[in-house]
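All remarks here apply to the structure that follows.
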């Protein structure tokens, strides 16, 4: 059975805005999934219901056998960590160390393991050199890693990253890829919201497309990025490489750089 | 023709900092051109923008050596109001841009024009036009603080371009936007260029810079490590080693050449790649 399960879930914000409309979603334990779609499609609202920050207006959200409506946000967030879209909504300590320590301390993890977790998360997020820095002295793109480190340090089962690629440079994007790989190696379930289609192709096997409060399609990058109807509906476009292959009439639903290079060479009869 | 913006031996240190944020920059910007500024985070891109707008040193203080000239006059010699008239600056974090004194997006976009003493009926006309152009008409009655990051970014852009400044300095305007929103922002900027504005845009999305910008400036550790025509700069694969992302087409083009595909040059846009590959494929088909 799926580890995360959304059954007929809807959410309406207090001011009356319906943000998510009767969706079903299943994510297996240890899976790494990307959610893509336009601003306002319902992505953030959906994932906030997974860690109990929001409770569905109707329908049910399960994490394992735990129905989130029977538990407090504090309880759910011990299993499911959510990294906010805007790091400034999350950060409230005056040093990177204190910020990252907050979660494990609150969870009353013993001192030795806590230190180990903090060191581990600072190492993987490249923050060791900024340990005693005030997060607000760091650029926004690095502050994002502070919030990621705080969630990793809680050793949660599920890590949700909301637009971690926003504003990242080449080094930051590679760092993110490495973090995703490491978390997966450790059996974590990962859900990532992103607008960077190339990042999706390079890092995820399963993609959920959302548009207008609903799920449009779920599938592999190949299945998603060559389904023009689904892309149109979600106002998305093929990644540059797929688009080049499409325009050149190269078959094979190509998404990766290597596939594209091989296919182009083959068409030109070059080795 | 004289430069509209010019850096003359510019070195700048923030207060209490020994390491210069900008080092030995000499650059000239021509009127009506679109410049993309790229480089890794922390390379000085935002400081570079602040120097043009004069916020460094007027607001941030610190130590400026050399001169930044706007239409031949040093930023430090300008009255703040005159600089604001000449240069529109869209902040990286839209939250920092919102005035905080207006309750609706419409009023927020009108705020700058009010301060410049523009007649009311003209304000209304210009605000309506700009909100249409930036696709935020439906947000007119919203409180600027209750919007999403993407909506705030569009409103911030609208509230600056409505002022019709000659120079637009825009710091990462699309970081919170979806692909469609991002493209529409680039189209808006291209429209500003068509209206003879000079554009200086900081952006990580190099694939779009490749399509739209006339010239590209690459910063690293406060210094300009490359500057020139977009095609020349973005096809320089050695920039990857400096932590600079390059367009997908440049990366794939380079690898194709290494595999023996006889491309005439490294493409930086999809249409450049298409043009060359189609020619080769047609030849092959014959």
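Chains as they are written, first to last, in the numbering used here: chain A, 33 to 303; chain B, 1367 to 1652. Think of the CB as a built atom: it goes at the ideal place given N, C-alpha and C, for glycine as much as any other residue.
Along chain B, in chain order, which residues have C-beta atoms closer than 8 Å to that of residue 55 of chain A?
Ordered by position in chain B, no residue passes the 8 Å Cβ test against residue 55 of chain A, which lies about 19 Å from the chain.
Are residue 83 of chain A and residue 112 of chain A touching if we call contact CB-CB under 8 Å?
Against a cut-off of 8 Å, the Cβ pair of residue 112 of chain A and residue 83 of chain A comes out as a contact.
In the DSSP assignment, find the unbroken alpha helix (DSSP H) run with residue 43 of chain A in it and report its ends.
That residue, residue 43 of chain A, is in no alpha helix (DSSP H); its beta strand (DSSP E) goes 36 to 44.
DSSP on residue 81 of chain A, reduced to helix/strand/coil?
The answer is helix: DSSP assigns residue 81 of chain A an H, G or I state.
Can you tell me which of A:206, A:37, A:73 and A:64 puts its alpha carbon nearest to the alpha carbon of residue 246 of chain A?
Among A:206, A:37, A:73 and A:64, the Cα nearest to that of residue 246 of chain A is on A:73.
Please return the same chain residues whose Cβ sits closer than 6 Å to the Cβ of residue 1381 of chain B, not counting the five positions on each side in sequence.
Closer than 6 Å at the Cβ level, and outside the excluded window around residue 1381 of chain B, lie 1427 and 1428.
Shortest alpha-carbon distance to residue 1478 of chain B belongs to which of B:1531, B:1368, B:1415 and B:1538?
Checking every option, the nearest Cα to that of residue 1478 of chain B belongs to B:1531.
Excluding the five sequence neighbours on either side, which residues of its own chain have a C-beta within less than 8 Å of the C-beta of residue 1592 of chain B, listed in chain order?
Once the five neighbours on either side are set aside, the close Cβ partners of residue 1592 of chain B are 1582, 1583, 1584, 1599, 1602 and 1605.
Would the segment 1510 to 1529 of chain B count as touching the segment 1442 to 1462 of chain B if we require 3 or more Cβ pairs under 8 Å?
Output reads yes: the segment 1442 to 1462 of chain B touches the segment 1510 to 1529 of chain B.
Need the endpoints of the beta strand (DSSP E) that residue 288 of chain A sits in, please.
Run containing residue 288 of chain A: none; DSSP gives neither H nor E here.
Would you list, in chain order, the members of the segment 1602 to 1615 of chain B that have their beta-carbon closer than 8 Å to a beta-carbon of chain A?
Under the 8 Å Cβ criterion, the segment 1602 to 1615 of chain B contributes 1606, 1609, 1610, 1611, 1613, 1614 and 1615.
Give a yes or no on whether the C-beta atoms belonging to residue 58 of chain A and residue 37 of chain A are separated by under 8 Å.
Yes.
Under 8 Å between C-beta atoms, does residue 259 of chain A make it to chain B?
Output row for residue 259 of chain A: interface = no.
Per DSSP, what kind of secondary structure is residue 235 of chain A in: helix, strand or coil?
Note: residue 235 of chain A maps to helix in three-state DSSP.
When DSSP labels each residue in this structure, what does residue 1373 of chain B get in the three-state scheme?
Of the three classes helix, strand and coil, the one that applies to residue 1373 of chain B here is strand, per DSSP.
Have a look at residue 297 of chain A and residue 303 of chain A and give me their C-alpha separation to the nearest angstrom.
Between residue 297 of chain A and residue 303 of chain A, the C-alpha separation is close to 7 Å.
Taking C-beta pairs closer than 8 Å, name the residues in chain B that residue 52 of chain A reaches, listed in chain order.
In chain order: nothing, as chain B lies at least about 15 Å away.
Around the C-beta of residue 194 of chain A, are 16 or more other C-beta atoms found within 10 angstroms, so that it is buried, or is it exposed?
Classification for residue 194 of chain A: buried.
Please list the terminal residues of the continuous alpha helix (DSSP H) segment that includes residue 1620 of chain B.
Start and end: 1614 to 1624.
Taking just the CA atoms, how far does residue 1618 of chain B sit from residue 285 of chain A?
Approximately 17 Å, taken between the alpha carbons.
Take the Cβ of residue 1412 of chain B as the centre, count every other Cβ of all protein chains shown within 10 Å, and call the residue buried at 16 or more, exposed below.
By the neighbour-count rule (16 or more Cβ atoms within 10 Å), residue 1412 of chain B is buried.
Counting only the same chain and skipping the five closest in sequence on each side, list residues whose C-beta sits under 8 Å from that of residue 1596 of chain B.
The residues are 1402, 1575, 1576, 1579, 1580, 1581, 1582 and 1634.
Work out the CA separation of residue 53 of chain A and residue 1594 of chain B for me, nearest whole Å.
Their Cα atoms are separated by approximately 50 Å.
What's the gap between the Cα of residue 1425 of chain B and the Cα of residue 1443 of chain B?
So the alpha carbons of these two residues sit roughly 14 Å apart.
Quick one: what's got a C-beta closer than 7 Å to residue 154 of chain A's C-beta in the same chain, skipping five residues either side?
The residues are 132, 160, 163 and 181.
At which residues does the alpha helix (DSSP H) containing residue 1497 of chain B begin and terminate?
Run containing residue 1497 of chain B: 1486 to 1499, per the alpha helix (DSSP H) assignment.
Could you give the uninterrupted runs of the alpha helix (DSSP H) lying entirely in the segment 208 to 286 of chain A, keeping only those of 4 residues or more?
You should have 229 to 235, 253 to 257, 260 to 265 and 272 to 279.
Could you tell me whether any Cβ in chain A is nearer than 8 Å to the Cβ of residue 1643 of chain B?
Judged by the 8 Å Cβ criterion, residue 1643 of chain B is in contact with chain A.
In angstroms with no decimal places, state the Cα-to-Cα distance between residue 1564 of chain B and residue 1397 of chain B.
Their Cα atoms are separated by approximately 5 Å.
Is it true that the CB of residue 237 of chain A sits closer than 8 Å to the CB of residue 127 of chain A?
No, they are not a contact pair.
Using a Cβ-Cβ distance cut-off of 8 Å, determine whether residue 178 of chain A contacts chain B.
Cβ-Cβ to chain B under 8 Å: no for residue 178 of chain A.
Going along chain B, which residues have a C-beta under 8 Å from residue 194 of chain A?
Correct list: empty, because the minimum Cβ distance to chain B is about 10 Å.
Mind listing the chain A neighbours of residue 1627 of chain B? Cutoff is C-beta to C-beta under 8 Å, in chain order.
What residue 1627 of chain B touches in chain A: 296, 297, 300 and 302.
Report buried or exposed for residue 1474 of chain B, applying the criterion of at least 16 other Cβ atoms within 10 angstroms of its Cβ.
It is buried - the Cβ of residue 1474 of chain B has at least 16 other Cβ atoms within 10 Å.
Alpha carbon to alpha carbon, how far is residue 1545 of chain B from residue 268 of chain A? Give it in angstroms, no decimals.
Going by the C-alpha atoms only, they are around 7 Å apart.
Between the segment 1376 to 1390 of chain B and the segment 251 to 266 of chain A, can you find at least three pairs of beta-carbon atoms closer than 8 Å?
No, they do not touch.
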